[in-house]
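Numbering follows the working numbering, in which position 43 of the sequence shown is assigned residue number 426; successive positions increment by one, without gaps. The block underneath contains the structure these notes are about, expressed in structure tokens.
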Amino acid sequence: MLLGLLGHPLGHTLSPRMHRAALEHAGIEGMYVPYDVPPVRLESAVRGLWALGLRGCNVTIPHKQQVLQWATSLAPAAQATGAANTLSFNDSGFVADNTDVDGFLHAWRGGGGPPLNGARVVVLGAGGAARAVVYALRKEGSRVQVLNRDRARAEVLVRELGGEAIDVLDLQGATGLVNTTSVGMHPQVHATPATLPDSLQGVTVCDIIYNPQRTRLLDDAEARGAHVIEGLPMLAAQAAAAFRIWTGVEVPVAVFLSAARPSPAPPPPAAAPLPPPPG
Ligand code: ATR
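Printed below as a string of structure tokens:
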């Protein structure tokens with residue numbers, strides 16, 4: 384089974400490691416190949432992968448929105464968010480889906496996040512990742528507030544997906560805060576997307592950034608009493624959902640997660656034995 388990834392640039396991706404581990408776990412002979420494709424070649428690349436008989440591919444920055452225009456059909460999550468990260472090829476073309484939606488919900492629940500129905504959750508950012516998170520939260524019945532540097536973009540997002548755009552972060556009585564901006568991502572690891580209030584008791588703070596695994600925002604939030612959820616489990620869960628769509632096989636998220644985690648440093652070499660005493 385041939386699987387792939389389309390993005391540009393692709394230097395940082397953990398997807399090949401995760402999907403190769405899943406193929407092995409499932410006992411499926413296959414390959415997952417990253418393709419670094421610039422936007423001008425995206426259409427030819429997608430048609431080429433179809434012609435070559437790939438089963439599916441992931442799509443990442445900057446192609447998640449552009450790729451929808453060539454899909455033969457859109458799954459509900461891709462339709463609602465206007466973005467796709469998972470393509471499944473068939474005889475006539477490909478179905479576009481967005482597994483970031485389920486990936487976020489899986490990570491929220493698995494990370495001990497509280498029930499979302501009726502909860503007020505503030506989302507930082509209004510880009511493609513925010514769309515998946517806002518759609519997921521609304522689907523679960525949350526009251527969503529979107530705070531973005533560019534307020535007009537937040538307004539467009541809430542008009543299409545629901546929720547309200549806000550100008551000031553107010554976490555009094557809120558259930559959750561989710562960062563979907565790139566602020567705090569490697570190499571800007573000391574940056575934070577929000578100035579937090581002194582106490583965050585009872586608030587769950589989730590950062591979807593996975594490099595670094597523990598962001599400054601999460602450290603600040605935890606120091607103020609918040610429950611925190613890291614980004615790597617969401618990455619692993621969206622990959623597991625894509626793998627299930629392509630193969631029909633449910634490989635545990637833990638398999639993807641351990642493949643994505645940097646391997647522990649090798650133990651130091653054992654000390655050389657002492658030479659025998661002379662004489
Ligand atoms: P993605 O698809 O990963 O969400 P994106 O569409 O480029 O990527 O969105 C990036 C998000 O991070 C946006 O909400 C962006 O804010 P703007 O819409 O105002 O551009 C936010 N972002 C990026 N850099 C930022 C910064 N330095 N301060 C605040 N927000 C930032």
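Backbone N, C-alpha and C define an ideal beta-carbon position, used for all residues, glycine too.
- Secondary structure note for Arg536: it is in no beta strand (DSSP E), and the uninterrupted alpha helix (DSSP H) holding it is 534–544.
- With a threshold of 7 Å, the Cβ atom of Ile444 counts as near ligand 1, since some heavy atom of the ligand is closer than that.
- The beta carbon of Leu540 sits closer than 7 Å to the beta carbons of Ala509, Ala513, Arg514, Val517, Val529 from its chain, once the five residues preceding and following it are set aside; these are given in chain order.
- Contact check for Tyr418 against Ala428 passes: the beta carbons are separated by less than 8 Å.
- With a cut-off of 8 Å on Cβ pairs, the stretch 599–618 is in contact with the stretch 577–585, counting three or more such pairs.
- Positions of the alpha helix (DSSP H) runs, each at least 4 residues long and wholly inside the stretch 551–631, are given as 599–606, 615–630 in order along the chain.
- Between the stretch 585–600 and the stretch 548–568 there are three or more C-beta pairs closer than 8 Å, enough to call the two in contact.
- Under DSSP, Thr469 forms a beta bridge with Asn441, Asp480.
- With a cutoff of 8 Å on beta-carbon distance, Ala463 and Leu520 are scored as not near each other.
- Taking C-beta separations shorter than 7 Å and ignoring five residues to either side along the sequence, the partners of Pro595 in its chain run His569, Val572, following chain order.
- Pairing Ala625 with Asn441 gives a Cβ-Cβ distance under 8 Å.
- Taking the Cβ of Thr598 as the reference point, every heavy atom of ligand 1 lies at 7 Å or farther away.
- Of the candidates Glu547, Gly567, Ser456, Pro399, the residue whose Cα lies closest to the Cα of Val504 is Glu547.
- Here Ala461 is not near Gly476, since their CB atoms are 8 Å or more apart.
- In its chain, beyond the 5 residues on either side, His391, Pro422 have a beta carbon closer than 7 Å to the beta carbon of Pro445.
- Taking non-hydrogen atoms of ligand 1 into account, the C-beta of Asn594 is found less than 7 Å away from none of them.
- Assignment of beta-bridge partners to Ile549 by DSSP yields Leu530.
- For Pro422, the shortest C-beta to heavy atom distance toward ligand 1 is 7 Å or greater.
- Bridge pairing for Val636: absent [DSSP].
- Looking at the backbone, the Cα of Thr564 and that of Lys447 are separated by about 16 Å.
- Leu432 and Ala467 have their C-alpha atoms some 16 Å from each other.
- In this structure, DSSP gives Gly410 a state outside helix and strand, which the three-state scheme calls coil.
- In the three-state reduction of the DSSP assignment, Arg644 falls in the coil class, being assigned neither a helical nor a strand state.
- Here Ser475 carries a coil assignment [DSSP, helix/strand/coil].
- Per DSSP, reduced to three states, the secondary structure at Val516 is helical.
- Gly486 has its Cβ no nearer than 7 Å to any heavy atom of ligand 1.
- Going by DSSP, Val505 is part of the beta strand (DSSP E) stretching over 503–507.
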